[in-house]
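S.K.:
Residue numbers (the numbering used here): 755 to 915.
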């Protein structure tokens with residue numbers, strides 16, 4: 755399996771919009787968005803964020819993420835993380851997060867990287883600790899149906915890698 759990564763391009767937007775398979779999946783990726791994800795919603799998010807990246811597998815776009823906070827020498831926070839349904843469970847998410855970590859620590863000289871994951875997102879909750887992230891806070895939120903959910907905040911400090 756040959757994975758590569760590059761900055762997101764306009765031609766990628768429509769493909770990424772097809773990744774969230776349900777309102778719940780879109781909520782994990784982008785809580786403010788309305789299902790189905792539209793190119794306009796995604797483009798607006800990209801314009802407000804930094805280092806939007808895609809992962810390709812054999813030339814096909816299979817994952818996306820970016821930073822919603824990027825402080826030079828401080829904290830970088832990874833957001834909008836999604837892997838295409840066809841590529842899930844194959845190490846793509848791990849590769850994507852590893853590339854984002856590399857960018858945070860090299861380009862931004864981050865002292866720590868954070869990621870937040872909703873309690874129903876089992877794939878994320880199992881992945882992030884394997885990469886060294888440790889939970890440090892839990893925040894109560896409401897999903898689109900008005901139900902209580904937990905947003906689990908995790909961090910990886912530079913000196914822990």
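Beta carbons: idealized from backbone N, C-alpha and C, even for Gly.
Please read all numbers here as calculations on a predicted model, not as lab measurements.
Roughly how many angstroms separate the alpha carbons of residue 872 and residue 813, rounded to a whole number?
M.R.: As a working mapping, residue 872 is identified with position 118 in the chain shown. As a working mapping, residue 813 is identified with position 59 in the chain shown. Spanning the two alpha carbons is a distance of roughly 30 Å.
S.K.: Indicate the three-state DSSP secondary structure (helix, strand or coil) for residue 696 in the structure shown.
M.R.: The requested residue 696 is not part of the displayed model; the chain covers only 755 to 915.
S.K.: Taking its Cβ as the centre, do 16 or more other Cβ atoms sit within 10 Å of residue 915, making it buried, or is it exposed?
M.R.: Translated into the one-based positions of the chain shown, residue 915 becomes position 161. Exposed, by the Cβ-count rule.
S.K.: Please classify residue 790: does DSSP put it in a helix, a strand, or coil?
M.R.: The count along the chain shown starts at 1 and reaches residue 790 at position 36. Coil.
S.K.: Taking the Cβ atom as the reference point for each residue, do residue 857 and residue 910 lie within a distance shorter than 9 Å?
M.R.: On the chain shown, position 103 is the one that residue 857 refers to. On the chain shown, position 156 is the one that residue 910 refers to. Cβ distance not < 9 Å, so residue 857 and residue 910 don't count as in contact.
S.K.: Measuring CB atoms only, is the stretch 816 to 830 touching the stretch 876 to 886, in the sense that at least three cross pairs come out at less than 8 Å?
M.R.: Verdict: no, contact absent.
S.K.: Tell me whether the stretch 757 to 772 and the stretch 796 to 808 touch, counting them as touching only if at least three CB pairs, one residue from each stretch, are closer than 8 Å.
M.R.: Yes, they touch.
S.K.: For residue 800, which of helix, strand or coil comes out of DSSP?
M.R.: Stepping through the chain shown from its first residue, residue 800 is reached at position 46. It is helical.
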